[in-house]
Amino acid sequence: MTDQEFILRNKLYEYEDQYFRDMILQEGVLKDTAEFALEWSGDLCYHVGIDCISDVKVAALEDTFVGQYDAEKRILTITPDSINDPTVILHEMTHFYCHQLEKINPSLNEILLLDLYKRLSKEIDNLDELIASHAELYTLEKLEMRGGLHTVLFYLKTLDIDLKCGYKLGTVFGYGYAD
Ligand SMILES: [Zn+2]
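To convert, take the position in the sequence shown, counting from 1, and add 18; that gives this note's numbering.
1. Does the stretch 131-145 come close enough to the stretch 105-120 to have 3 or more Cβ pairs within less than 8 Å?
2. Alpha carbon to alpha carbon, how far is D50 from Q86? Give it in angstroms, no decimals.
3. Please classify G150 as buried or exposed, where buried requires at least 16 other C-beta atoms within 10 Å of its C-beta.
4. May I ask you to report which of helix, strand or coil DSSP gives L187?
5. Just how far apart, CA to CA, sit N127 and L174?
6. With DSSP collapsed to three states, give me the class of K121.
7. Should D143 be labelled buried (16 or more other beta-carbon atoms within 10 Å of its own) or exposed?
8. Tell me, to the nearest whole angstrom, how far the beta carbon of V74 is from that of I101; I am working on the premise that it is less than 8 Å.
9. Out of M19, R137, K160, L145, which one is the CA nearest neighbour of T95?
10. Suppose you measure from the CA of I107 to the CA of D178; what does that come to, to the nearest Å?
11. Whose C-beta lies closer than 6 Å to the C-beta of I68 among residues of the same chain, with five residues either side of it excluded?
12. Using three-state DSSP, classify T20 as helix, strand or coil.
13. Would you call I25 buried or exposed, if buried means 16 or more other Cβ atoms sit within 10 Å of its Cβ?
14. For G166, which residues in the same chain have their Cβ closer than 6 Å to its Cβ, ignoring the five residues on either side in sequence?
15. Roughly how many angstroms lie between the CA atoms of D21 and D40, to the nearest whole one?
16. Please determine whether the Cβ atom of G166 lies at a distance below 7 Å from any heavy atom of ligand 1.
17. Is it right to say L181 is buried, meaning 16 or more other beta carbons lie within 10 angstroms of its own, or is it exposed?
18. Sorry if obvious, but does the Cβ on H117 come closer than 7 Å to a heavy atom of ligand 1?
19. Would you kindly work out how many angstroms separate the C-alpha atoms of L138 and D197, rounded to a whole number?
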């Protein structure tokens, strides 16, 4: 592991604690679900956190990609130019947690989706409108071609992080959504 990769891995732990406690079943709506699930799976909590990433890399990527999460190999890569950009790191981390929850039990994603919708609709007036335009097939197809699956859960979680960080809505999502 290089020095930069060591720094990046530490940032992942820091961001996990600040922004993803709902997705690692430590607080919020999934906490109770997780406690129930623990009865049948043993150490479920362990399997959702950053420890589950097999490798963290700082390396160049193809095309114009600045970050990438390889769900199959569980490798998170950030380009050297972007390691000081939290929005890139948070975007790729969101991919990681969505995949992990989906793998454990897709219902966890759905439960969190409903909860995020409830919470965010109190803070974002035009949330329904934002979701509708995000869900346009053309948009999703276009984004999927650029890598990763940007589901509605993914989108809502990035809006949640935008609010927590004081970013303009769409910043962590990227792809020009904040424009
Ligand atoms: Zn993405």
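All C-beta atoms in this analysis are idealised placements derived from N, C-alpha and C, irrespective of residue type, glycine included. In this text, all values refer to a predicted model and were calculated from it rather than measured experimentally.
So, from the listed chains and residues:
1. no
2. 31 Å
3. Here residue 150 is Ala; the residue named in the question, Gly, does not match the sequence. Under this definition A150 is an exposed residue.
4. coil
5. 11 Å
6. helix
7. exposed
8. At roughly 10 Å, the Cβ-Cβ gap does not stay under 8 Å, so V74 and I101 are not in contact.
9. M19
10. 15 Å
11. L30, Y31, E34
12. coil
13. exposed
14. H113
15. 30 Å
16. yes
17. exposed
18. no
19. 20 Å
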